[in-house]
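Visitor: Here's a structure for you.
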Amino acid sequence: MEITRLADLKSRTVWEITDDAFDLYRERFALLVSVSAVVFAPAYILASTVGVAAVSDFNNIFEGPDELATFAISMAWLIPVLTGAYILHFGATALAVRDILTGETATLVNVYKRAFRRIFPLLLASLVIGAIGFVVACTTVGPILVAAYYCFTVHGILLEERKLGEALKRSVDMTKSYFGKSLGLLCLMASIILALVVGIESLVALLFAIVPKESGTAGTAFEMKTAEDVVSAVAGSVIAVVIAPLPAIATTLLYYDLRVRREGLDVESEAAEWGVVLAPDPFGG
């Protein structure tokens, strides 16, 4: 990534955006992983703790409707917690990427300080998008379509300082103009992340399988199984924290790519640097 100002931005293909996302992630690994870890590490620790307690009580859910309701409530509240953590991290990463692209100093404290200034619109956006996703969850492709249409909502709130309704409308409008590219990048990133998660978790399971085990009582076997589950859960959480920045980076790069293609962001930035006033766009972007 050699972009030091918005005027340096040029349109890119999906593969180029993905390659740039990995390059940027590698170059600023410490910053971007720390941005992810700040919100995701506590969220995953909380989720793992509640999950272990819920699994231990899982057999009780068949004893009656009260036990089933208690189990459902104990797990359901994790959804907004993880969703809120994700969208806060997504916004902070978008701010960090913007700072990196424009040559500004991006720090962990600085990006979260700016993200927290818009915390209520961000959380409200997560609720709205989550509700829309829940409504269309009955279809196979519904969630991915919701993700594609509303993936730029955070950028509208933080990078353009729009109100929630304007940011949602802006995201849909941007996606519709290049829907195939937006959906293609999300699917590609989802495939890459799925491959990484499955591959690393399979490696952890393989290492446990080849570790010599002492023959003993059923209690010993249960302890080994519990240890394997704990290690797998920890490994899964670490993997999730490490790879979480990639979709946010790629989506932010796509956001700028669409703005270059639709609105001539690079031309506008160049003109602003030279103090040149551009004529109105007769085609409205």
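To convert a position in the sequence shown, counted from 1, into the numbering used here, add 1147. Even for Gly, the Cβ is constructed at its ideal location relative to N, Cα and C. These figures come from a predicted structure and were not determined experimentally.
What span of residues does the alpha helix (DSSP H) with ARG1309 cover, start to end?
Guide: Here residue 1309 refers to the residue found at position 162 when the sequence shown is read from its first residue. Unbroken run through ARG1309: none, as it is neither H nor E.
Visitor: In whole angstroms, what is the alpha-carbon distance linking GLY1231 and SER1183?
Guide: Locating residue 1231 in the sequence shown gives position 84, where the first residue counts as 1. Locating residue 1183 in the sequence shown gives position 36, where the first residue counts as 1. Those two C-alpha atoms are separated by around 13 Å.
Visitor: If you reduce the DSSP assignment to three classes, tell me which class GLU1251 lands in.
Guide: Counting from one through the sequence shown, the residue named residue 1251 turns up at place 104. In this structure, GLU1251 counts as coil in the three-state DSSP scheme.
Visitor: For SER1158, does the three-state DSSP call read helix, strand or coil?
Guide: Stepping through the sequence shown from its first residue, residue 1158 is reached at position 11. If DSSP states are grouped into helix, strand and coil, SER1158 belongs with coil.
Visitor: Assuming LEU1332 and ILE1247 are in contact, meaning their beta carbons sit under 8 Å apart, how far apart are those beta carbons, in whole angstroms?
Guide: One-based indexing of the sequence shown puts residue 1332 at position 185. One-based indexing of the sequence shown puts residue 1247 at position 100. That pair is no contact at about 19 Å.
Visitor: As an exercise, report each continuous alpha helix (DSSP H) stretch of at least 4 residues that is fully enclosed by the region 1263 to 1303, in chain order.
Guide: Listed in chain order, the complete alpha helix (DSSP H) runs (minimum 4 residues) inside the region 1263 to 1303 are 1266 to 1282, 1289 to 1297.
Visitor: Excluding the 5 residues preceding and the 5 following GLY1211 in the sequence, name in chain order all residues of the same chain whose CB lies nearer than 7 Å to its CB.
Guide: As a working mapping, residue 1211 is identified with position 64 in the sequence shown. Residue placement at GLY1211 cannot be trusted, given a pLDDT of 49 that sits under 50; the coordinates are not used to answer.
Visitor: Three-state secondary structure (DSSP) at ALA1382?
Guide: Here residue 1382 refers to the residue found at position 235 when the sequence shown is read from its first residue. Helix, per DSSP.
Visitor: With distances taken Cα to Cα, identify the nearest neighbour of VAL1180 among ASP1404, VAL1388, LEU1405.
Guide: Here residue 1180 refers to the residue found at position 33 of the sequence shown. Measuring from the Cα of VAL1180, the nearest candidate turns out to be VAL1388.
Visitor: With distances taken between CB atoms, is the gap from VAL1351 to ALA1382 smaller than 8 Å?
Guide: Position 204 of the sequence shown, counted from the first residue, corresponds to residue 1351. Position 235 of the sequence shown, counted from the first residue, corresponds to residue 1382. Yes. Within cutoff.
Visitor: Sorted by chain position, which residues of the same chain lie with C-beta nearer than 7 Å to THR1398's C-beta, five sequence neighbours on each side aside?
Guide: To locate residue 1398, count along the sequence shown from 1; it is residue 251. Around THR1398: CYS1298.
Visitor: Which residue wins for smallest C-alpha separation from ALA1253, given the options ALA1243, ALA1262, ILE1339, GLU1174?
Guide: For this step, residue 1253 is matched to residue 106 along the sequence shown. Checking every option, the nearest Cα to that of ALA1253 belongs to ALA1243.
Visitor: Under a three-way DSSP split, which group does GLY1411 fall into?
Guide: Within the sequence shown, the letter at position 264 stands for residue 1411. DSSP places GLY1411 in coil when its eight states are reduced to three.
Visitor: May I ask whether a heavy atom of the ligand GDP can be found less than 7 Å away from the beta carbon of ALA1272?
Guide: No copy of the ligand GDP occurs in the structure displayed, which carries no ligand at all.
Visitor: When you compare the CB positions of ILE1396 and VAL1301, do they come within less than 8 Å of one another, or not?
Guide: Within the sequence shown, the letter at position 249 stands for residue 1396. Within the sequence shown, the letter at position 154 stands for residue 1301. No.
Visitor: Tell me which same chain residues have a C-beta within less than 6 Å of the C-beta of ALA1365, skipping the five on either side of it?
Guide: As a first step, residue 1365 must be located in the sequence shown, where it is residue number 218. For ALA1365, the pLDDT reaches just 46, beneath the cut-off of 50, and the residue's location in the model is therefore unreliable, although a value from the coordinates is still provided. Counting only Cβ-Cβ distances below 6 Å, and skipping sequence neighbours, we find nothing.
Visitor: Label PHE1209 either buried or exposed according to how many other C-beta atoms from any shown protein chain fall within 10 Å of its C-beta, with 16 as the threshold for buried.
Guide: One-based indexing of the sequence shown puts residue 1209 at position 62. Because the pLDDT of PHE1209 is 47, which lies under 50, any placement of that residue in the model is unreliable, and the number read from its coordinates should be weighed accordingly. PHE1209 comes out exposed.
Visitor: Please confirm whether LEU1400 and MET1336 have their CB atoms less than 8 Å apart.
Guide: As a first step, residue 1400 is located in the sequence shown; it is residue number 253 there, counting from the start. As a first step, residue 1336 is located in the sequence shown; it is residue number 189 there, counting from the start. Not closer than 8 Å, so no.
Visitor: Please classify THR1165 as buried or exposed, where buried requires at least 16 neighbouring CB atoms within 10 angstroms.
Guide: Position 18 of the sequence shown, counting from 1, holds the residue named residue 1165. When all chains shown are included, THR1165 counts as buried.
Visitor: Cutting at 7 Å between CB atoms, please list the residues of its own chain near PHE1187, excluding the five before and the five after it.
Guide: Position 40 of the sequence shown, counted from the first residue, corresponds to residue 1187. Excluding sequence neighbours, PHE1187 sits near ALA1232, HIS1236, ALA1387, VAL1388, ALA1391.
Visitor: For ALA1272, which option in ALA1314, ALA1177, TYR1402 has the closest C-alpha, if you only look at C-alpha atoms?
Guide: Position 125 of the sequence shown, counted from the first residue, corresponds to residue 1272. Nearest option by C-alpha distance: ALA1314.
Visitor: Throw me the rounded Cβ distance for the LEU1269 and GLY1303 pair, which I believe falls under 8 Å.
Guide: Here residue 1269 corresponds to residue number 122 of the sequence shown, with the count starting at 1. Here residue 1303 corresponds to residue number 156 of the sequence shown, with the count starting at 1. Their Cβ separation, rounded to whole angstroms, is 11 Å, which puts LEU1269 and GLY1303 out of contact at 8 Å.
Visitor: Have a look at VAL1293, LYS1323, THR1322 and flag the residue whose alpha-carbon is nearest the alpha-carbon of ILE1279.
Guide: For this step, residue 1279 is matched to residue 132 along the sequence shown. Out of VAL1293, LYS1323, THR1322, VAL1293 has the C-alpha closest to the C-alpha of ILE1279.
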